[in-house]
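Asks:
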Amino acid sequence: MKALRAGVCLLVAALALIAPLSGLQENEPAAPDTVRATEFPPGVETLDRMVAVVGDTAILISDIQVTLYQLQARGARVPPEGTERWDAFAREVLDAMIDDLIFLQQAKNAGVTVPEDRVAEMADSYFGETRGQFSSDEEMMLAVEETGMNMLQFRQMLRAQAHAEGMRQAYRIELEQRTDLPPVIVSEEEVEAAFEEFAQNQPPRPALVSYNRLVVTPLPSGAARDSVLARTVRVQNDFANEDEFSVLARRHSDDEGTREQGGELGWMNRELLVKPFGDAAWGARPGQTVGPVQTQFGLHFVKVERQRGAERFLRHILLRPEIKDEDIDAARTLAVEIADSLRAGADPERLVALFRGQVADEAIRFDDVPLGSLVSQFTGAGAESGLTAPTAGTVYGPLPVERGGPTEFGLVHVLTFRPEGPIEIGDVRDQIRQSLRTRKQIDIILEEVRSNTYIDVRF
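In this text, residue positions in the sequence shown follow the working numbering: the first is 5, and each later residue adds one.
1. Would you kindly report the start and end of the unbroken beta strand (DSSP E) that includes N216?
2. Check whether the Cβ atoms of I65 and A56 sit closer than 7 Å, and answer yes or no.
3. If I measure Cβ to Cβ from L8 and keep anything under 6 Å in the same chain, skipping five residues before and after, which residues do I get?
4. Report buried or exposed for M155, applying the criterion of at least 16 other Cβ atoms within 10 angstroms of its Cβ.
5. Just curious, the beta strand (DSSP E) that T61 is in, first and last residue?
6. For Q110, collect the residues of the same chain with a Cβ closer than 7 Å to its Cβ; drop the 5 residues on either side in sequence, then sort them by chain order.
7. Can you have a look at E275 and say buried or exposed, based on whether 16 or more other CB atoms are within 10 angstroms of its CB?
8. Considering only their Cβ atoms, is the gap separating K307 from T293 smaller than 7 Å?
9. Given a cut-off of 7 Å, decide if R319 and G267 are closer than it, judged by their beta-carbon atoms.
10. Between which two residues does the alpha helix (DSSP H) harbouring Q445 extend?
11. Can you tell me which of A92, I106, T221 puts its alpha carbon nearest to the alpha carbon of Y458?
12. What first and last residue would you give for the beta strand (DSSP E) that runs through Y400?
13. Quick one: what does DSSP say L185 is sitting in, helix, strand or coil?
14. Below 8 Å, how does it come out for the segment 300 to 316 and the segment 404 to 420: are there three or more Cβ pairs, yes or no?
15. In the DSSP assignment, the alpha helix (DSSP H) including Q109 goes from what residue to what residue?
16. Helix or strand or just coil, what does DSSP make of F131?
17. Can you tell me which of L179, R163, E133 puts its alpha carbon nearest to the alpha carbon of R122?
18. So, using beta-carbon positions, are V190 and L440 closer together than 7 Å?
19. Taking the alpha carbon of D104 as the point to measure from, which residue in P83, F131, T71 has its own alpha carbon closest?
20. Check this for me: beta carbons of W271 and E315, under 7 Å apart or not?
21. Are the Cβ atoms of G295 and H304 separated by less than 7 Å?
22. Helix, strand or coil: which one does DSSP assign to T299?
23. Just how far apart, CA to CA, sit F413 and L322?
24. If we ignore side chains and look at the alpha-carbon of each, how far apart do D67 and E88 end up?
25. Mind checking whether F93 and P84 have CB atoms under 7 Å apart?
26. Please list the terminal residues of the continuous alpha helix (DSSP H) segment that includes M161.
27. If we count Cβ pairs, one from each stretch, closer than 8 Å, do we get three or more for the segment 123 to 133 versus the segment 165 to 183?
28. Would a C-beta distance cut-off of 7 Å place V399 and R433 closer than the cut-off?
29. Grab the span of the alpha helix (DSSP H) containing D52 for me, first residue to last.
30. How many Å lie between I427 and A244 at the Cα?
31. Beta carbon of L252, beta carbon of D259: below 7 Å?
32. Indicate the three-state DSSP secondary structure (helix, strand or coil) for F305 in the structure shown.
33. If we require 3 or more residues per run, which beta strand (DSSP E) segments fall completely within the segment 226 to 282?
34. Report yes if the C-beta distance between R437 and V188 is below 7 Å; otherwise report no.
35. What would DSSP say about T392, mapped onto helix, strand or coil?
36. Quick check: what's the CA-CA separation for R159 versus I327?
As structure tokens, then:
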């Protein structure tokens, strides 16, 4: 019964308790607490019956029947109605619905809200999942009508469920972020049992590789280097004359995509930016201009105009130097030398410091990355490179890298390699332990709320 309860709760988590929808208007949301225990019209008991009261909210047998229909439409095996197995299954569903309703009531009390676009997205997802269980629209419509609803009422019901589930999800996140959650202990036996259940339906684990990566970037030489340095001085002089950043971007920037908009990049998250650019932007104050900052694209001047939470509204001026074939050849030669140093046991961090400006300033160490993601970073890094079947301890490269600027050259020092195979407990032990810990903590909170809530089960 414990496994059945867990499975039912997982499926019911996407559903909210609803009232009969025959009286809903088009723009009136179906809320899970619209049927009050004291608000039944005369004679309703001849058509439906209460199976539980939670606070001042009633759960009807029709609510359970609709939920069971949706579970069945999504692939759950529901026993035949009228059997003892159906009664046991329905009671599991009812218990999950009671928990969901208590959780929803707590979310409302906490003032949780859900954006309308998120509700619409979830409702569309629910509809698509249900539609996928039928061979045609007509077959689905007939199945919906068997529950006493038309398709409009069915969609309204899904929207109500999406709104309720969105509130529960948001409230759960709030709970998980609390610093006063009760202490709990998760044993290794519990982790192993949860893993056994988790692993049953998991696809094979992809091949995983841990590695160090260095990327050598071509730099301008001779007249091209002198030209970009002279342009950098002109931009700095214009800033000294207090010209507007947007005016200077239109005058100087080589970024055709943003030049006519005054260098506007808009609201950006740090993870979307290459490391040197992100470090400069997040190290500046709103209204401040910093630069020049070197990336693989060239030299940048960056202005932080505004800040909101984790985002910055940015503008930039890009000075893209001319990179000649001989500059690319020089980068390839340097990459070969650095690869030899890695093979000889040199510390990659020291190599980055030694060749600062020529080796990209970005993350070096990567752990347990799917092999396909590693291979896709490089141009022409097919079977001939050996990277598709790597050997631990081997340095691969130079491998061509195309990232929007001139061709760069990557070096990969493979630390560990795990071929594709069944998922192992070590792959997910920490995640499972944390999930069990959070579930226990929230169950304690829920049980405390439940003990203070009027619940009358009449099933």
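Just so it is clear, CB atoms sit at the ideal spot from N, CA and C, and this is done for glycine as well. Treat the numbers as computed from the prediction; the structure is a model and nothing was measured.
Replies: Inspection of the coordinates gives the following:
1. Per DSSP, the unbroken beta strand (DSSP E) holding N216 starts and ends at 212 to 220.
2. For the pair I65 and A56, the CB atoms are not nearer than the 7 Å cut-off.
3. Any reading at L8 must be qualified, since the residue scores a pLDDT of 37, below 50, and its modelled position is unreliable; no value is offered.
4. Flag for M155 reads exposed.
5. Here the beta strand (DSSP E) through T61 covers 61 to 64.
6. Excluding positions up to five away in sequence, the list reads Y175, V453.
7. E275 comes out exposed.
8. In this structure, K307 lies closer than 7 Å to T293 by Cβ.
9. Yes, the Cβ-Cβ distance between G267 and R319 is below 7 Å.
10. Here the alpha helix (DSSP H) through Q445 covers 429 to 455.
11. Minimum Cα distance to Y458 is reached at I106.
12. It spans 399 to 405 - the beta strand (DSSP E) in which Y400 sits, taken as one unbroken run.
13. Coil at L185, not helix or strand.
14. Yes, the segment 300 to 316 touches the segment 404 to 420.
15. Element bounds for Q109: 88 to 113.
16. Assignment of F131 by DSSP, reduced to helix, strand and coil, places it in the helix class.
17. Nearest C-alpha to R122: R163.
18. Cβ distance < 7 Å, so V190 and L440 count as in contact.
19. Looking at the Cα atoms, T71 is the closest of the given residues.
20. Yes; because the gap between Cβ atoms is below 7 Å, this pair is in contact.
21. Yes.
22. T299: strand per DSSP, three-state reduction.
23. Going from the Cα of F413 to the Cα of L322 covers about 22 Å.
24. Cα to Cα, the separation comes out at about 19 Å.
25. With a cutoff of 7 Å on beta-carbon distance, F93 and P84 are scored as not near each other.
26. Segment 155 to 180, the alpha helix (DSSP H) holding M161.
27. With a cut-off of 8 Å on Cβ pairs, the segment 123 to 133 is in contact with the segment 165 to 183, counting three or more such pairs.
28. Taking C-beta atoms as the reference points, V399 and R433 fail to come closer than 7 Å.
29. That residue, D52, is in no alpha helix (DSSP H); it is neither H nor E in DSSP.
30. Approximately 60 Å, taken between the alpha carbons.
31. Against a cut-off of 7 Å, the Cβ pair of D259 and L252 comes out as no contact.
32. The three-state reading of DSSP puts F305 in strand, counting E and B together.
33. Counting only runs of 3 or more, we get 268 to 273.
34. No; because the gap between Cβ atoms is not below 7 Å, this pair is not in contact.
35. Here DSSP, grouped into helix, strand and coil, assigns T392 to coil.
36. Distance between the alpha carbons of R159 and I327 is about 58 Å.
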